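Novice:
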């Protein structure tokens, strides 16, 4: 980070005189200047203020504020055009669905308040890529925004949306506690900071303990919000496929779905975007809920009463009941509302029929 800042300072001494001005979309703001830019608000600043800050008290920072830059990682500013794309995606796939299922006053009171956009990925010393950093579900750093693929659902889910759904859920359980019955389900397997080294990520043995991701085992609150986010972004054959059957002739593997229809359904996943990451591995959000739970259908130890699948099913039942009774939110309806927008992001329906694709490159009110 110091190297970047020093380079920028050197260039400013060489290339500026007293009459030079920073561009309206300048991406670095020094301490003490955060209340106002060196230049009047540009169109994006006005859009962020009117669309998110005023109605929902959500600040989106795409310029660097010095006090918000962690020295632990090397960060790169977000490009102006990518900040525009992010703002539009954020509004379409987060704000609008949540408001439709709740209300504007609800979202203003029960949501994170700061999003800090970082241009390039951040990496831990171990080489692990960080999708985002968060402080108690209130302030969130999102990385890799300069590589945002605005019309690829899977990129958006894995790199942005799952994090937003996760962090927003923190604000709910912090305001109203869910029953302690939830944390009892996997009580003996929460790892706190040890979660990184306690599980085999290749065999996904955390699933047998009732955790949807390895990080879910950090504590019961992280377990809760990780499960909620994955429930939204994963495919769900029971809800999405329409291929359930009791005919064992059509269901050779006994999973409750017509084999031919199920395979045809999965073949259509690519209509919503490239299903492989830059590393040629499947995006996590191409996972199917039932397939993940099938992997979890074993016991973490012989003395356990329940399999990991049964534990996850118990947790999701508690979660749905909590959301409905405490917040009047139907999780399946929220999920359906979000996913009903996917065709207009990808420019085609799930079946591949072309539709008008959202243009996230332009600011619209």
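Residue numbers (our numbering): 2 to 366. Backbone N, C-alpha and C fix where the C-beta goes; we use that ideal spot for every residue, glycine too. Values in this document were obtained by computation on a predicted structure and should not be read as measured data.
(1) Under a three-way DSSP split, which group does residue 141 fall into?
(2) Among 237, 120, 348, 306, which one has its Cα closest to the Cα of residue 185?
(3) Who are the near neighbours of residue 163 in its chain, counting only those whose CB is closer than 6 angstroms to its CB and skipping five residues on each side?
(4) Return helix, strand or coil for residue 117, following the three-state DSSP convention.
(5) What did DSSP end up calling residue 277 once you bin it into helix, strand or coil?
(6) Can you say whether residue 347 is buried or exposed, counting buried as having 16 or more other CB atoms within 10 angstroms of its CB?
(7) Would DSSP call residue 124 helix, strand or coil?
(8) To the nearest angstrom, report how far apart residue 22 and residue 41 are at their CA atoms.
(9) By Cβ distance below 6 angstroms, which residues in the same chain neighbour residue 62 in space, the five residues on each side in sequence not counted?
(10) Strictly by DSSP, which residues pair up with residue 60?
(11) Using 8 angstroms as the Cβ pair cut-off and three pairs as the minimum, do the segment 141 to 156 and the segment 100 to 118 touch?
(12) Where DSSP assigns a beta bridge to residue 351, which residues make up the other side?
(13) Express the C-alpha separation of residue 60 and residue 49 in angstroms, rounding to a whole number.
(14) Taking 9 angstroms as the threshold (C-beta atoms), are residue 299 and residue 308 in contact?
(15) What does residue 307 pair with, by DSSP beta-bridge criteria?
(16) Figure out for me which residue from 95, 217, 320, 313 has the closest Cα to the Cα of residue 297.
(17) Is DSSP giving residue 15 helix, strand or coil here?
(18) Short check: CB of residue 276 to CB of residue 166, under 9 angstroms?
Specialist: Let me spell this out:
(1) strand
(2) 306
(3) 230, 234
(4) strand
(5) strand
(6) buried
(7) strand
(8) Its pLDDT being 39, under 50, residue 22 is placed unreliably by the model, and the measurement read from it follows with that caveat. Their Cα atoms are separated by approximately 11 angstroms.
(9) 117
(10) 115
(11) yes
(12) Paired residues: none, contrary to the question.
(13) 8 angstroms
(14) yes
(15) Looking at the DSSP assignment, residue 307 forms no beta bridge with any residue, so it has no partner.
(16) 313
(17) Residue placement at residue 15 cannot be trusted, given a pLDDT of 32 that sits under 50; what the coordinates show is reported in the next sentence. Residue state, collapsed to three classes: helix.
(18) no
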